[in-house]
Structure formats: structure tokens, C-alpha cells
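Below is one structure, written out as C-alpha cells; comments come after it.
Chains as they are written, first to last, in the numbering used here: chain A, 1 to 307; chain B, 308 to 674.
Here you go:
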């Protein structure tokens with residue numbers, strides 16, 4: 001298992017390198033630069049600034065410098081927020097995004113999974129119809145509709161929760177963002193769980209278990225759930241990577257200081273280092289969570305063996 | 308041989324159609340979608356107002372089935388217009404659709420004062436009858452305007468805008484979906500059919516593109532090509548073909564091992580002919596099902612990008628843009644969010660139900 005994990009990480013490195021290379025050159029070839037402002041800078045100042053950030057060197061040289069710094073864990077300084085390094089920005093923002101995304105993920109898996117199982121056990125019953133309706137609604141209503149409506153209802157009308165803000169992670173401030181992040185994921189998880197559970201309940205070993213007189217709970221919980229979980233687990237990997245690295249919509253609407261908004265803001269301002277930092281963070285999360293999914297597969301499904 | 312194949316495939320499709328017709332949710336969704344497409348295609352021409360006309364007297368008026376102006380709006384509008392024309396209002400009364408306004412002024416009344424009234428969105432065909440130099444009677448027709456969905460912050464008719472936005476959203480959804488499908492099908496089919504090293508390299512490329520953060524990718528495309536309508540198709544299509552390529556590759560791998568493909572190979576049919584004649588037609592079922600699920604995804608994606616400000620440009624609109632504007636006007640003007648959101652969500656719902664119905668109809672495994 002350990003050897004398999006190491007080998008998987010080793011094969012993931014070329015992918016990571018390709019992602020970094022591609023984004024680096026795409027970003028740099030794009031027109032515009034971080035020092036383009038409405039009022040043109042004095043050419044001498046501009047040349048000095050570009051020299052300070054190595055922007056005057058040929059592109060391949062800059063690329064090598066960036067890779068070298070990255071290997072040493074240095075993500076560089078931010079162009080648009082010169083008082084911070086990229087590492088500092090992410091150190092401040094990532095915990096916020098991870099907290100919100102983590103809660104959203106856990107709740108989506110538990111509630112969505114529960115709803116999916118309940119729907120599968122009473123296929124075509126009223127619970128099933130309700131769950132399918134909720135799942136369809138959750139996956140079709142965009143977050144940028146849910147979030148302002150949530151603010152309006154719970155923030156402005158009922159005054160139960162703050163409309164936005166973070167306040168160092170107060171529970172009241174987290175409810176809105178977590179709910180809005182959770183709903184679409186919950187919908188997908190419920191759908192996947194329902195589908196795979198219906199299939200799992202038809203399997204031969206489940207029929208055998210039933211015939212041998214096992215109780216309904218034990219059949220579902222110990223035998224059917226195991227195989228029904230697999231599609232949910234493989235969905236949860238990329239979903240976790242996406243959730244934990246923040247959402248631009250939710251973070252903007254609820255004014256939460258996470259890292260999701262860095263992508264859009266930094267790419268538009270050509271804040272090269274921040275964009276690259278975000279790319280690296282998302283790619284690393286994606287690779288790590290795909291690996292976790294593979295390992296979970298081996299634990300859940302005894303047929304999967306890693307040499 | 309040829310006849311036999313087409314007769315067989317026809318019966319497959321007609322069987323699927325029969326199965327689909329029995330699914331009431333799917334048929335209702337299909338009807339709804341046809342109506343929505345018709346409404347968005349022809350509605351903007353039939354709507355009482357143009358989608359780009361600004362009604363400055365009617366900014367942010369609520370949705371209403373009855374015509375504007377409301378009775379209580381006429382008085383303040385006359386007062387404001389008279390003040391703008393530097394006339395003193397001495398009295399006014401409403402006679403049916405005509406309003407008679409008595410005005411006076413310290414200096415001689417300029418007959419061009421009627422233009423102030425005509426320019427307002429409430430009055431038309433204003434006439435001036437001077438009683439003497441400083442007193443006059445104005446008669447103006449009340450202009451009726453219908454705003455079924457209300458108006459936005461600049462006084463544009465939201466009904467016409469929601470329909471024209473639907474045209475953009477649906478067109479992007481369908482066309483970008485097709486772009487993604489065509490790229491994905493060919494890429495996946497070639498990778499799966501070629502197999503070996505070619506397959507590995509091609510799928511590794513997909514893996515790399517998959518790990519690229521998706522918003523970043525789209526923003527880069529927008530940065531490169533500027534904000535334009537055509538770009539949205541390409542950007543969205545170029546991002547969403549990856550899933551399609553993976554699905555098609557998997558299907559192709561299993562089709563390749565089937566006897567009829569081996570038979571064709573043994574008979575010396577060229578690889579290209581096998582691909583177009585045997586592989587791709589057999590992929591159509593899963594591809595159509597995936598496409599109906601892809602179209603709502605494209606529409607969500609387009610509205611998300613529009614929400615972030617990367618969409619089509621004013622005065623054109625899409626549901627995402629309208630929703631973004633509505634969300635910003637939220638507590639005071641909730642019709643601005645409600646109607647575009649309702650159109651978007653109901654369309655997505657219908658596409659989802661249709662997709663589920665098609666999957667059941669085309670998937671012979673369950674029957």
C-alpha cells in the first residue's frame with residue numbers, strides 16, 4: 001500500500017509539472033501585465049520594477065526561476081498586494097476556505113448519503129420522490145441564486161444570521177456559506193447514492209444475506225452500503241479538492257476572506273504569482289484527494305488489490 | 308446489408324421514442340422546452356417593448372399585468388415635467404386617456420415646451436393651446452406601457468430582456484454542448500480505437516487539462532480573445548469536452564472487442580471506415596444521454612461566467628447576467644431576480660427530467 005501510494009505520487013508529479021508549465025505560459029502569453037495601470041508608469045520606474053521581479057528576463061529563464069523557487073517552497077511575492085507574499089496570502093485564506101469546504105463536504109456526504117439510502121430503500125415511495133426532487137433542485141438552482149435568497153431570508157427578514165462577514169470563523173457566520181456550498185454537492189451525492197444503492201440491493205450477495213435471515217439494517221449497513229459507497233467515494237475526491245480550495249461566488253457574496261476569489265481577481269489583474277499559487281494549490285489538492293480515493297477504494301472493496 | 312442495418316437502427320430509435328412517450332415527466336419537460344425555445348426565439352419580436360429601450364420614467368417598476376402609468380404616477384410626473392419646462396402648474400385633470408394640464412408662466416410660454424412632455428415616457432402627442440401669453444392649456448395622450456416582469460435599474464423591460472437572454476443562454480447551451488460533444492466523441496473514439504501508446508498519451512493530455520483549475524482556464528480564454536459571443540461557445544465547449552472524451556473512450560474500448568468490429572477488421576475495412584461506420588453510430592445512445600445532461604451544465608456555466616462579468620455585452624443579455632443584476636438589486640427589487648431565475652431554473656429542471664427520460668429510453672439494460 002505504501003509502495004503503491006509512493007508510486008502514484010511519483011506518476012502524479014509529471015501531471016503537476018505539466019499543469020504548472022501550461023498555466024505559467026498561458027498566463028504570460030496573455031496580453032497585459034501586472035504594472036499596466038490607467039496612468040502609465042514612468043519608464044525608468046517600470047523598468048526597475050520589472051527588473052526587481054525578473055520580468056525583463058526571457059520567458060524560459062523566468063520559468064526556470066519560478067520552478068526553482070517553487071521547489072524551495074517559495075511562491076514569490078504578490079504583484080498587486082506588495083506587502084504580502086503569496087505564501088502569506090494563502091496561509092491566511094486557505095484555512096478559511098478549508099473550514100467552510102470541509103464542513104460543506106462532511107455534511108453533504110452525511111445528509112446526501114442518508115437521503116440517497118432512504119430513497120433507495122423506498123424506491124418510488126414518497127421519500128424517494130421527495131429526495132429526487134430535492135436532488136434535482138439542488139443541482140439545478142445555481143449557487144448565485146441560492147446565496148442572495150439565503151441572505152434575504154435569514155439575514156434581512158428573519159435576522160437569524162449575519163448577512164456576511166467572517167468574524168474569525170464565528171459559527172453564525174459560517175452557516176450561510178456552508179449551506180450554499182453544500183447544497184449542490186448534497187444533491188449529487190444523494191443521486192449517486194440512490195442509484196448505486198438500488199443496484200447494490202439487487203446483487204446476489206445481498207439476496208443471500210437476506211435469505212440467511214440477516215436483519216434489514218445489517219444487510220443495508222454492512223453489506224449493501226460497502227459497494228454502494230464506491231461511486232460516491234470516487235465523486236467525493238475531486239469534489240473535496242474543489243470545495244476545500246474555495247468558491248469565488250460564495251466567498252464574494254458572503255464577504256468571506258477565503259482563497260476562492262484569488263483566481264478571478266488575480267487573473268484579471270495579471271497578478272502572476274498569486275494565480276500560479278492558486279493553480280499549484282488546486283492541483284496539489286486534486287492529486288492528493290485522487291490518491292486518497294484510490295486508497296479508500298482498496299479499503300472498502302476487498303476485490304481491489306494494489307501490488 | 309445496408310437496408311438491413313438502417314431498418315434495425317430505425318426500430319431501435321422508434322422503440323426508444325415509444326418508451327420516452329410513456330414517461331410523463333420527460334414528455335412534459337420536452338413540451339416545456341419546445342415552448343421555451345419558441346418563446347425565446349419569437350417572444351422578443353412580439354413583446355410590447357424592445358429589450359434595449361430605456362424608459363427613464365419607469366426605472367425599477369414592479370412586475371404588473373396592467374398597464375403603466377398607474378393613476379398615482381400621473382400627478383407627480385406632470386409636476387416634474389412642468390417644473391423641468393419651467394412652467395407653473397395651476398391644475399390638471401384626467402379625461403379617459405387624455406390629460407388636460409393648465410399651466411402658467413411669468414414670461415411668454417414657448418410652444419416648444421410640449422417637447423418636455425413628449426420626451427417623458429408617460430405622455431405622447433402633446434398639444435398646446437395658449438389662452439394668452441402667460442397661460443396655456445396642454446392636452447396630452449397618456450402612453451400605455453406594459454411591463455409584465457417589471458423593469459431593471461435603467462428602465463428596460465424585463466420581460467423582453469428575459470426572453471432575449473433566454474435566446475443567448477439556450478443558444479450557448481446547445482451550441483457549446485454540441486462543440487463539446489463533437490470534440491469529445493472524436494477524441495475519445497480515436498483514443499479508444501487506437502489503443503496502446505496513442506491512447507495513453509491522449510488520455511494523459513485529458514488528465515492534465517482536467518487538473519487545470521477550470522475558472523483559470525476560462526479566464527485565460529477570455530483574456531486572450533476578449534469578451535465576445537462566439538468566444539463563450541468555444542471557451543465553454545473547450546472545457547466541457549473532457550468528460551465526454553472519457554466516457555466515449557470507455558465505450559469505444561468495449562465496442563472494439565465485439566465480434567462485428569473484429570469481423571470488419573478481418574474483412575479489411577479501413578480503420579477510419581470502422582470508426583465512422585461501426586464505432587461512432589453505436590456510441591450515439593450514451594452520447595445523446597450525456598448531451599442532455601451537458602446542456603444544462605453549459606447553461607449553468609455560462610450563467611456563472613456571466614455572473615462573474617465575462618459574458619456577452621450590454622445591451623445583449625443572458626440569464627446569468629440578469630440574475631447577477633437581480634441579486635445586486637435584491638431586497639428592494641426582487642422581481643429582477645425572480646423572473647430570470649425562474650426561467651433558468653425551470654429550463655434546467657426540464658432538461659434534467661428529459662435527460663433522465665432519455666437515459667431510461669435509450670438504455671436497453673433496464674428493459
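Idealized CB from N, CA, C, for every residue including glycine.
(request) Helix, strand or coil for residue 35(A), going by three-state DSSP, please let me know. (result) Against the first chain, residue 35(A) aligns to sequence position 35. In this structure, residue 35(A) counts as coil in the three-state DSSP scheme.
(request) Mind checking the stretch 641 to 654 of chain B against chain A and listing, in chain order, the residues whose C-beta falls within less than 8 angstroms of any C-beta there? (result) 641, 644, 648, 651 and 652
(request) Give the range of the beta strand (DSSP E) segment to which residue 396(B) is assigned. (result) Position 89 of the second chain, counted from the first residue, corresponds to residue 396(B). Looking at the DSSP string, the run of the beta strand (DSSP E) that includes residue 396(B) is 395 to 402.
(message) What would DSSP say about residue 667(B), mapped onto helix, strand or coil?
(response) Mapped onto the second chain, residue 667(B) falls at position 360. Reduced to three states, the DSSP call for residue 667(B) is helix.
(message) Going residue by residue through the stretch 567 to 642 of chain B, where are the continuous alpha helix (DSSP H) segments of at least 4 residues, counting only ones entirely within it?
(response) 578 to 581, 587 to 615 and 626 to 635
(request) Quick one: measure Cβ to Cβ for residue 471(B) and residue 358(B), integer angstroms, because I've assumed they're closer than 8 angstroms. (result) On the second chain, position 164 is the one that residue 471(B) refers to. On the second chain, position 51 is the one that residue 358(B) refers to. So it is a contact: roughly 4 angstroms between Cβ atoms.
(request) For residue 448(B), write down the residues that DSSP places opposite it in a beta bridge. (result) Residue numbering aside, residue 448(B) sits at position 141 when the second chain is read from its first letter. Residue 448(B) is bridged to 405(B) and 431(B).
(message) Let me make sure I understand the geometry here. Which of 481(B), 452(B), 403(B) and 440(B) has the alpha-carbon closest to that of residue 446(B)?
(response) Mapped onto the second chain, residue 446(B) falls at position 139. Nearest C-alpha to residue 446(B): 403(B).
(request) Please classify residue 460(B): is it buried, with 16 or more other beta-carbons within 10 angstroms of its beta-carbon, or exposed? (result) Counted from its first residue, the second chain places residue 460(B) at position 153. Result: exposed.
(request) Just confirm the distance between the C-beta atoms of residue 454(B) and residue 464(B), as a whole number of angstroms; I'd bet it's less than 8 angstroms. (result) In the second chain, the residue the question calls residue 454(B) occupies position 147. In the second chain, the residue the question calls residue 464(B) occupies position 157. 6 angstroms between Cβ atoms; contact.
(request) Determine, using beta carbons only, whether residue 13(A) comes closer than 8 angstroms to chain B. (result) For the purposes of this step, residue 13(A) is taken as the residue at position 13 of the first chain. Not closer than 8 angstroms to any Cβ of chain B, the Cβ of residue 13(A) fails to qualify, so no.
(message) Would residue 665(B) and residue 327(B) qualify as a contact pair, given that the criterion is a beta-carbon distance under 8 angstroms?
(response) For the purposes of this step, residue 665(B) is taken as residue 358 along the second chain, with counting starting at 1. For the purposes of this step, residue 327(B) is taken as residue 20 along the second chain, with counting starting at 1. Yes, these two residues count as a Cβ contact at 8 angstroms.
(message) What does the alpha-carbon distance come out to for the pair residue 586(B) and residue 481(B)?
(response) What you label residue 586(B) is simply residue 279 of the second chain in a count that begins at 1. What you label residue 481(B) is simply residue 174 of the second chain in a count that begins at 1. When rounded, the distance between both Cα atoms is 24 angstroms.
(request) Can you tell me which of the three DSSP states residue 63(A) falls into? (result) Numbered from 1 along the first chain, position 63 holds the residue referred to as residue 63(A). In the structure shown, residue 63(A) sits in a helix (DSSP, three-state: H, G or I).
(message) For a quick check, are the C-beta atoms of residue 249(A) and residue 614(B) less than 8 angstroms apart?
(response) Position 249 of the first chain, counted from the first residue, corresponds to residue 249(A). Position 307 of the second chain, counted from the first residue, corresponds to residue 614(B). Yes, the Cβ-Cβ distance between residue 249(A) and residue 614(B) is below 8 angstroms.
(message) Whole angstroms are fine: how far does the CA of residue 411(B) sit from the CA of residue 390(B)?
(response) In the second chain, the residue the question calls residue 390(B) occupies position 83. In the second chain, the residue the question calls residue 411(B) occupies position 104. Cα-Cα distance, rounded: 11 angstroms.
(request) Scan the stretch 508 to 538 of chain B for residues whose Cβ lies nearer than 7 angstroms to a Cβ of chain A and list them as they occur along the chain. (result) 514, 515, 518, 519, 520, 522, 523, 526, 527, 530 and 531
(request) Please state if the CB of residue 100(A) and the CB of residue 236(A) are separated by a distance shorter than 8 angstroms. (result) By 1-based counting over the first chain, the position of residue 236(A) is 236. By 1-based counting over the first chain, the position of residue 100(A) is 100. Taking 8 angstroms as the Cβ cut-off, residue 236(A) and residue 100(A) do not qualify as a contacting pair.
(message) Quick check on residue 442(B): does DSSP put it in helix, strand or coil?
(response) By one-based count along the second chain, residue 442(B) stands at place 135. Of the three classes helix, strand and coil, the one that applies to residue 442(B) here is strand, per DSSP.
(request) Can you check DSSP and say which residues form a bridge with residue 411(B)? (result) Along the second chain, one-based indexing puts residue 411(B) at 104. DSSP output for residue 411(B) lists 395(B) and 442(B) as bridge partner(s).
(request) Could you tell me which residues DSSP pairs with residue 437(B) in its beta bridges? (result) As a working mapping, residue 437(B) is identified with position 130 in the second chain. Beta-bridge pairing links residue 437(B) to 443(B).
(request) Quickly, what does DSSP pair residue 74(A) with across the bridge? List them, please. (result) Reading the first chain from its first residue, position 74 is the one you call residue 74(A). Paired residues: none, contrary to the question.
(message) Please report the distance separating the alpha-carbon of residue 49(A) from that of residue 239(A).
(response) If you number the first chain from 1, residue 49(A) lands on position 49. If you number the first chain from 1, residue 239(A) lands on position 239. Residue 49(A) and residue 239(A): Cα-Cα distance of roughly 40 angstroms.
(request) Report the rounded CA-to-CA distance for residue 653(B) versus residue 600(B), giving the unit in angstroms. (result) Taking the first residue of the second chain as 1, we reach residue 653(B) at position 346. Taking the first residue of the second chain as 1, we reach residue 600(B) at position 293. Cα-Cα distance, rounded: 15 angstroms.
(request) May I ask you to report which of helix, strand or coil DSSP gives residue 314(B)? (result) Start at 1 with the first residue of the second chain, and residue 314(B) comes out as number 7. Confidence at residue 314(B) is low in this model, with a pLDDT of 49, below 50, so its placement is unreliable and no value can be given for it.
(request) Tell me whether residue 208(A) is buried or exposed, calling it buried when 16 or more other Cβ atoms sit within 10 Å of its Cβ. (result) Residue mapping note: residue 208(A) aligns to position 208 of the first chain, counting from 1. Label assigned to residue 208(A): exposed.
(request) Please classify residue 42(A): is it buried, with 16 or more other beta-carbons within 10 angstroms of its beta-carbon, or exposed? (result) Here residue 42(A) refers to the residue found at position 42 when the first chain is read from its first residue. When all chains shown are included, residue 42(A) counts as exposed.
(request) Please decide whether residue 30(A) counts as near chain B, where near means a Cβ-Cβ distance under 8 angstroms. (result) On the first chain, position 30 is the one that residue 30(A) refers to. Yes - at least one Cβ of chain B is within 8 angstroms of the one on residue 30(A).
(message) So that I know if they touch, is there some Cβ in chain A lying closer than 8 angstroms to that of residue 330(B)?
(response) Stepping through the second chain from its first residue, residue 330(B) is reached at position 23. Residue 330(B) does not count as touching chain A.
(request) Quick one: list the residues of chain B neighbouring residue 248(A), beta-carbon separation under 8 angstroms, in chain order. (result) Here residue 248(A) corresponds to residue number 248 of the first chain, with the count starting at 1. Within chain B, the residues near residue 248(A) are 522 and 615.
(request) Using 10 angstroms around the beta-carbon of residue 280(B), count the other beta-carbons present and answer buried if the total reaches 16, otherwise exposed. (result) Any answer about residue 280(B) is impossible in this case: the structure gives chain B only from 308 up to 674.
(request) Compare the Cα-Cα distances from residue 33(A) to each of 73(A), 90(A), 213(A) and 273(A) and report the closest residue. (result) What you label residue 33(A) is simply residue 33 of the first chain in a count that begins at 1. The residue with the shortest Cα to Cα distance from residue 33(A) is 273(A).
(request) Since I believe residue 223(A) is in contact with residue 206(A) (beta carbons under 8 angstroms), could you give me their beta-carbon distance rounded to a whole number of angstroms? (result) Start at 1 with the first residue of the first chain, and residue 206(A) comes out as number 206. Start at 1 with the first residue of the first chain, and residue 223(A) comes out as number 223. That pair is a contact at about 6 angstroms.
(request) Alpha carbon to alpha carbon, how far is residue 91(A) from residue 85(A)? Give it in angstroms, no decimals. (result) As a first step, residue 85(A) is located in the first chain; it is residue number 85 there, counting from the start. As a first step, residue 91(A) is located in the first chain; it is residue number 91 there, counting from the start. If you take the alpha carbons of residue 85(A) and residue 91(A), they lie about 10 angstroms apart.
(request) Note down, one range per segment and in chain order, each alpha helix (DSSP H) of at least 4 residues found wholly within the stretch 331 to 358 of chain B. (result) 331 to 353
(message) On the criterion of 16 or more Cβ atoms from any shown chain inside 10 Å, does residue 558(B) qualify as buried, or is it exposed?
(response) For the purposes of this step, residue 558(B) is taken as the residue at position 251 of the second chain. The residue is buried, with at least 16 neighbouring Cβ atoms inside 10 Å.
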